[in-house]
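For reference, the structure discussed in these notes is given below.
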Amino acid sequence: MHGQEDSMATLEFSITASLIVVASIASAFSISSYIVSRKRMAAFLSILTFGYAIEQIVILYREFLNQNIPFRAEIFSSMEDPLLRIAIGAVMCESLMIAVIEYYDSENRILRWIPIAIFLVACVTVCLVPDIDDRLKKWFIYSMRQIFLMAIVLFCLANYMKAPDGPTKKRYERRRLQFTIVTLFILLTLVEDTLVMLTLSVDAANLPFAEVLYRRNISESLLAATGAGFLMYASIKTLRAFSMGRFQKNTEAIDEDETLSFFSEKYGLTQREEEIMRLVVESRDNQNIANELQLALGTVKTHIHNIFKKTDCTSRGELINKFWMNS
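Take the sequence shown: its letters are residues 1 to 327, numbered as in the UniProt record's numbering.
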């Protein structure tokens, strides 16, 4: 019996510690990406993953406190630190919402504040009402996270559907696989919460693995690990592209993600302005650009002035930074 309990304790510790490490590394990569690129989306994704790491630390702390206390099926329906979990959930959900809004360059104030306000009011109200069954209360608070995430999924789908054919739509399509995987894990998390919290019998709650499910959702853990992996990959690409584009003057960094085409469409650059923009990102001076494109120096200066005007920039440095912020 003690050997079985020790095995469960080891499994719980391994899962939680691994998630803390993965989330912390993803957060560090993302904030590094923000520092070099100034992409606000990366900063909010760093907050998201850091918040998840904090939640796992809370779980690890709880498991440490209860390591010598036998797990009882009667407590399976209860929820530890509900207000803290609501607060952490709100930080994570809102960070992701703002990150997605930044990605789509949206100014929608309603999406920034109304969904998170509904989330907080609904969760706190359910938490404080004494007559609600503990199982239902626990399920509702955790399921609100998945409902919030599905709202973000619908927002992403709406942006994809209304995007014109061209670089912008292609940019969204490149992330279709990641989007599908994340959506699938969100739905699986909701299903698992429903099965475990609402339908699991008292007898099943006595099984050894029930203690693992008490503090965590396996589908959510896989979602977090997968999302952290996607974030680390994207952050590394940003760091690499920024380094290549700014310091090695290598056009591979520009071509790789069709960032130039997207940037040109977003700001309404002409084909000639797009060609000049490519060379500006490579840190070519005006005379070099004129020689490369066989244009008069005055013509190049006029085009660059128009690019500054369209992108609301006043210097080459600001223009290049804005370009990488759209990568």
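Glycine residues also receive a C-beta, built at the ideal position from the N, C-alpha and C atoms.
Please report how far the alpha carbon of residue i lies from the alpha carbon of residue j, in whole angstroms.
i      : j      : result
Val48  : Ala225 : Just to set this straight, residue 48 is Leu in the shown sequence, not Val. Near 13 Å, if we compare the C-alpha coordinates of Ala225 and Leu48.
Thr251 : Ile152 : Note on Thr251: pLDDT 49, under 50, position unreliable in the model; the coordinate value appears next. Roughly 34 Å between the two C-alpha positions.
Ala90  : Arg145 : 8 Å
Ser243 : Met79  : 47 Å
Ile88  : Pro82  : 10 Å
Arg40  : Ser261 : 21 Å
Ile110 : Ala117 : 10 Å
Ile307 : Gln56  : 47 Å
Tyr104 : Asn326 : 10 Å
Leu319 : Leu45  : 24 Å
Ala163 : Leu11  : 46 Å
Glu102 : Asn68  : 46 Å
Ser143 : Val196 : 12 Å
Asp312 : Tyr160 : 26 Å
Thr314 : Val300 : 16 Å
Ser264 : Arg316 : 16 Å
Tyr156 : Val100 : Note that residue 156 is Cys in the sequence shown, not Tyr. Going by the C-alpha atoms only, they are around 8 Å apart.
Pro167 : Glu258 : 7 Å
Lys309 : Phe323 : 14 Å
Asn66  : Glu173 : 47 Å
Ser18  : Phe179 : 24 Å
Gln294 : Arg38  : 34 Å
Ile218 : Asn321 : 40 Å
Leu223 : Arg215 : 16 Å
Ile132 : Val121 : 16 Å
Ala42  : Lys170 : 21 Å
Glu256 : Glu282 : Below a pLDDT of 50, predicted positions are generally treated as unreliable, and Glu256, at 45, falls in that range; the measurement from the model is reported next regardless. Cα-Cα distance, rounded: 14 Å.
Tyr267 : Met92  : 31 Å
Exposed or buried, residue i, counting other C-beta atoms within 10 Å across all chains shown (16 or more means buried)?
i      : result
Met271 : First, the amino acid is wrong: residue 271 is Gln here, not Met. Counting Cβ neighbours within 10 Å, Gln271 comes out exposed, since fewer than 16 surround it.
Leu213 : buried
Val129 : exposed
Ile254 : No answer about Ile254 holds up, because its pLDDT of 49 lies below 50 and its placement is not dependable.
Tyr61  : exposed
His305 : exposed
Lys138 : buried
Thr302 : exposed
Arg284 : buried
Ile114 : exposed
Asn286 : buried
Ala296 : exposed
Ile289 : buried
Leu241 : For clarity, residue 241 is Ala in the given sequence; the question names Leu instead. Buried, by the Cβ-count rule.
Arg176 : exposed
Leu84  : exposed
Asn108 : exposed
Asp193 : buried
Gly227 : buried
Val22  : buried
Leu279 : buried
Leu154 : exposed
Ile59  : buried
Ile276 : buried
Asn291 : exposed
Gly298 : exposed
Phe247 : Caution is warranted here: a pLDDT of 45 is assigned to Phe247, below 50, making its placement in the model unreliable, and no coordinate value can be reported.
Starting from residue i and walking both ways along the alpha helix (DSSP H), at which residues does that stretch end?
i      : result
Met232 : 218-243
Thr299 : 297-311
Leu200 : Per DSSP, Leu200 belongs to no alpha helix (DSSP H) and is neither H nor E.
Lys322 : 316-325
Gln178 : 176-194
Ser261 : 259-267
Thr168 : 167-173
Lys39  : Careful: Lys39 lies outside any alpha helix (DSSP H) and carries neither H nor E.
Glu102 : 82-103
Arg112 : 109-128
Met277 : 271-281
Met150 : 134-162
Arg284 : Premise fails: Arg284 is in no alpha helix (DSSP H) and is neither H nor E.
Return the Cβ separation of residue i and residue j in integer angstroms, given the expectation that the two are a contact with Cβ distance under 8 Å.
i      : j      : result
Arg135 : Leu188 : Actually they are not in contact, since the Cβ atoms of Arg135 and Leu188 sit about 20 Å apart, beyond 8 Å.
Phe76  : Ala210 : 6 Å
Phe119 : Phe148 : 6 Å
Cys123 : Ile86  : 5 Å
Thr238 : Ser33  : 5 Å
Thr125 : Glu63  : Rounded, the Cβ-Cβ distance is 29 Å, inconsistent with contact.
Ile20  : Ala53  : 5 Å
Gly51  : Ser95  : 7 Å
Looking at chain E, is there any beta carbon in it that lies within less than 8 Å of the beta carbon of residue i?
i      : result
Thr168 : Protein chains in the displayed structure number just one, and chain E is not present.
*Does the count of Cβ pairs from the region 180-188 and the region 267-285 closer than 8 Å reach three?*
With the cut-off at 8 Å, the region 180-188 and the region 267-285 do not touch.
*Could you tell me whether the region 24-41 touches the region 226-233, using the rule of 3 or more Cβ pairs below 8 Å?*
Segments in contact, yes.
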